Amino acid sequence: MATPPQVLAIDLGTSGMKAALVAADGTVTGWAQRPVPLRVLPGGGAEQDPVAWWDALAEVVGDLGRDVPEHLRAVTTICSSTQGEGTIAVDAAGEPLTPCISWLDMRGAAHLRRQFGGFPSYAGLSLFRIVRWLRLTGGMPSPTGKDPAAHMLLVRDEMPAVYARTKTFLNVLDWINLKLTGRTVATVDSILTSWVTDNRRATDIRYAPSLLAASGIDPDKFPPIVRCTEVIGTLAADAAAHLGLPTSVRVVAGAIDNTAAAIGAGTVRDHEPHLYLGTSSWIAAHVPAKKTDVTSGIASIPCALPDRYLMTALQATAGANLTWLRDKIVEYDDPLLSAGHISRDEGTIFDAFDRIIPTVPAGADGVLYTPWLYGERAPVDDPHLRAGFLNISLETTRSDLLRAVFEGVALNTRWMTRAVDRFLGAPVRSLVITGGAARSRSWCQIFADVLGIEIRRDADPVAVNARGAGWIGAVGAGMIDFPDIPGLARNDQVFQPGPDRAAYDEIYQIYTSLHRQLAPVYRRLHRTAR
1 MATPPQVLAI
11 DLGTSGMKAA
21 LVAADGTVTG
31 WAQRPVPLRV
41 LPGGGAEQDP
51 VAWWDALAEV
61 VGDLGRDVPE
71 HLRAVTTICS
81 STQGEGTIAV
91 DAAGEPLTPC
101 ISWLDMRGAA
111 HLRRQFGGFP
121 SYAGLSLFRI
131 VRWLRLTGGM
141 PSPTGKDPAA
151 HMLLVRDEMP
161 AVYARTKTFL
171 NVLDWINLKL
181 TGRTVATVDS
191 ILTSWVTDNR
201 RATDIRYAPS
211 LLAASGIDPD
221 KFPPIVRCTE
231 VIGTLAADAA
241 AHLGLPTSVR
251 VVAGAIDNTA
261 AAIGAGTVRD
271 HEPHLYLGTS
281 SWIAAHVPAK
291 KTDVTSGIAS
301 IPCALPDRYL
311 MTALQATAGA
321 NLTWLRDKIV
331 EYDDPLLSAG
341 HISRDEGTIF
351 DAFDRIIPTV
361 PAGADGVLYT
371 PWLYGERAPV
381 DDPHLRAGFL
391 NISLETTRSD
401 LLRAVFEGVA
411 LNTRWMTRAV
421 DRFLGAPVRS
431 LVITGGAARS
441 RSWCQIFADV
451 LGIEIRRDAD
461 PVAVNARGAG
471 WIGAVGAGMI
481 DFPDIPGLAR
491 NDQVFQPGPD
501 RAAYDEIYQI
511 YTSLHRQLAP
521 VYRRLHRTAR
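Take 1 as the starting number for the sequence shown in full-length UniProt numbering and just add one per residue.
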């Protein structure tokens with residue numbers, strides 16, 4: 001039988017470059033990946049090298065060509081899903097003038113306050129400006145500096161020579177699309193956290209002249225805006241040679257990761273949520289109207305569906321807590337490390353964790369963990385919060401600490417779901433769990449117990465962003481329509497709350513009290529550290 005048309009789905013996350021070959025029905029027929037390092041810098045900096053992404057993309061496409069050559073030859077379309085809220089200054093030739101300033105980077109916070117301060121203020125930002133942002137965009141720049149609005153000001157104020165040479169500021173997705181096609185565009189979701197768009201009509205996302213004028217950035221340094229499903233061109237000759245693909249391959253604009261995951265999880269119907277577990281985590285659901293909950297930092301934002309918004313509640317670090325545990329706590333010769341790093345295959349470190357977690361009772365023998373390794377975004381936006389173990393004793397084992405980390409992320413998610421329930425107008429009773437960390441059956445069960453709801457696991461959770469990019473590409477190329485997707489999505493296991501649910505209710509009450517008690521301590525420690 002002839003190989004059906006394939007979408008080359010690019011999935012560029014913080015941990016590295018992944019690529020999949022995805023058929024229109026969502027079948028992943030090929031997969032390859034390469035790590036790309038993240039540089040964490042003094043003073044809250046975090047960067048990645050865009051050229052390393054581009055080189056890694058050629059490597060993973062080469063792997064696909066060796067592993068499944070007939071499927072790679074069937075590629076008709078390319079579509080990308082990338083990490084969001086990164087910023088790259090590019091010159092007139094499209095070459096990067098800076099590393100990518102990552103979504104974790106907080107160095108622009110002071111510049112943001114100087115640009116947008118005023119009296120009265122909230123978190124250093126003028127309340128009058130905040131009201132205008134909320135009315136037009138549905139959100140506002142993070143006072144932590146972790147989005148392009150602050151990143152661009154960082155370049156303007158601390159790298160004036162670079163700013164003068166900058167033709168355009170691009171998000172991660174936009175830079176990949178520029179390399180693929182030679183065309184400079186932003187998507188309706190990638191441009192969001194520049195906080196310069198009028199998002200009041202989902203079908204007509206456009207720049208707001210008043211926000212552009214107030215941004216502190218030259219308006220001509222922002223790219224044109226397109227829909228996620230728009231075919232933005234075909235492969236440029238240089239890109240085709242780099243990837244070993246024909247110039248006839250179409251490129252669909254694609255989406256940032258949370259937008260793509262909502263499609264890849266199959267949750268395209270209104271108010272149908274998914275929980276993504278990756279380096280960070282989020283709960284998201286498509287909704288019919290623009291809305292913002294200012295108290296919890298949750299908003300509905302432009303997305304891949306042409307007439308809908310995506311409610312997104314972001315938790316800053318989730319799987320990153322396990323990565324930290326693996327890389328900083330587990331010894332180099334520990335048997336856990338021999339289980340391997342993250343991949344789509346069996347035999348990962350999650351299998352090793354799943355052998356340990358059930359040996360420890362719910363509550364981790366009294367140990368409690370707060371998963372705030374790099375601050376928090378929702379339901380509180382606080383860059384000073386940090387992770388910590390509480391109630392360690394002489395009897396505490398490493399297994400207790402491991403379970404406490406799993407439980408701490410789930411408890412933090414339960415804290416966030418209170419705001420999600422209010423936003424959606426009804427309690428969440430069931431959700432799809434997806435993302436690389438969802439491979440842990442133990443963690444899925446802990447989420448069911450802590451949240452007290454049904455958890456439906458994506459049958460291929462590592463591929464959710466790639467599958468979402470594949471489906472967005474397939475819609476853009478006319479292969480399928482968005483309403484077809486729920487019938488194509490697959491779950492492989494359902495986790496119901498078990499007898500541990502009651503124990504977690506009490507632990508949760510203790511957990512939520514910790515933020516009130518510890519937040520002032522972390523602020524004082526932050527001042528001391530400076």
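Ideal Cβ placement from N, Cα and C applies to all residues, glycine included.
Computed from a predicted structure; not experimentally measured.
1. Figure out for me which residue from P371, E376, S194 and A362 has the closest Cα to the Cα of G84.
2. Using 8 Å as the threshold, is the C-beta distance between A469 and D11 below it?
3. Since V367 and N391 should fall inside the 8 Å C-beta cutoff, what is the C-beta to C-beta distance between them, to a whole number of angstroms?
4. Look at the alpha carbon of R441 and the alpha carbon of D354, and state the distance between them as a whole number of angstroms.
5. Assign V36 to one of two classes, buried (16 or more other C-beta atoms within 10 Å of its C-beta) or exposed (fewer than that).
6. For the candidate residues T187, F406 and F222, whose alpha-carbon lies nearest to that of I205?
7. By the 10 Å Cβ neighbour count, where 16 or more other Cβ atoms means buried, how is L374 classified, buried or exposed?
8. Quick check on D421: buried or exposed, where buried means 16 or more other Cβ atoms within 10 Å of its Cβ?
9. Counting only runs of 4+ residues fully inside the region 213-283, write out the alpha helix (DSSP H) ranges in chain order.
10. What residue ranges within the region 116-172 form continuous beta strand (DSSP E) runs of no fewer than 3 residues, ordered along the chain?
11. Anyone know if the C-beta pair for H71 and Q6 falls short of 8 Å?
12. By Cβ distance below 7 Å, which residues in the same chain neighbour V162 in space, the five residues on each side in sequence not counted?
13. Pick helix, strand or coil for I392, following the three-state DSSP scheme.
14. Put residue 585 into one of helix, strand or coil per three-state DSSP.
15. Within 10 Å of its beta-carbon, does D147 have 16 or more other beta-carbons around it, so buried, or fewer, so exposed?
16. How many whole angstroms separate the CB atoms of A236 and G297, which I take to be in contact at a CB cut-off of 8 Å?
17. Does the region 169-178 touch the region 239-249, meaning 3 or more C-beta pairs lie closer than 8 Å?
18. Going by beta carbon distance, what residues of the same chain come within less than 7 Å of T370, once the five residues before and after it are set aside?
19. Go ahead and pull the three-state DSSP assignment for M17.
20. Quick one: what's got a C-beta closer than 7 Å to V196's C-beta in the same chain, skipping five residues either side?
21. If you run the structure through DSSP and keep just helix, strand and coil, what is W471?
22. DSSP on M416, reduced to helix/strand/coil?
23. By Cβ distance, which residues of its chain are closer than 7 Å to D345, with the 5 residues on each side in sequence left out?
24. Hey, how far is the Cα of F119 from the Cα of S126?
25. Among H384, T397 and H286, which one has its Cα closest to the Cα of T144?
26. Determine the DSSP secondary structure at E376, reduced to helix, strand or coil.
27. Let me check understanding here. Comparing Cα to Cα, which of V40, Q48 and A437 lies closest to A278?
28. Please determine, among I349, E376, T396 and W372, the residue with the shortest C-alpha to C-alpha distance to G363.
29. Kindly indicate the opening and closing residues of the alpha helix (DSSP H) around I446.
30. Is the Cβ-Cβ distance between V75 and M17 less than 8 Å?
31. Flag this pair as yes or no: are the beta carbons of I357 and L325 separated by less than 8 Å?
32. May I ask you to report which of helix, strand or coil DSSP gives R344?
Straight from the coordinates:
1. Put simply, of P371, E376, S194 and A362 the residue whose alpha carbon is nearest the alpha carbon of G84 is S194.
2. yes
3. 5 Å
4. 7 Å
5. buried
6. T187
7. Before going further, note that residue 374 is Tyr rather than Leu in the sequence given. So Y374 ends up on the buried side.
8. Classification of D421: exposed, given that the 10 Å Cβ count is below 16.
9. 237-243 and 257-264
10. 168-170
11. yes
12. A89, L97, T98 and V155
13. coil
14. Given a span of 1 to 530 for the chain in the structure shown, any question on residue 585 remains unanswerable.
15. The residue is buried, with at least 16 neighbouring Cβ atoms inside 10 Å.
16. 39 Å between Cβ atoms; not a contact.
17. no
18. A387, G388, G408 and L514
19. strand
20. Y207, A208, L211, L212, S215 and F222
21. helix
22. helix
23. Legend: pLDDT at D345 = 43, less than 50; position of this residue unreliable, no value from coordinates given.
24. Distance between the alpha carbons of F119 and S126: 6 Å.
25. Here the closest residue by C-alpha is H384.
26. strand
27. Note that residue 278 is Gly in the sequence shown here, rather than Ala. The shortest Cα separation from G278 among V40, Q48 and A437 belongs to A437.
28. T396
29. R441 to L451
30. At least 8 Å separates the beta-carbon of V75 from that of M17.
31. no
32. For R344, the predicted model reports a pLDDT of 41, less than 50, meaning its position is unreliable; a value from the coordinates is still stated below. In this structure, R344 counts as coil in the three-state DSSP scheme.
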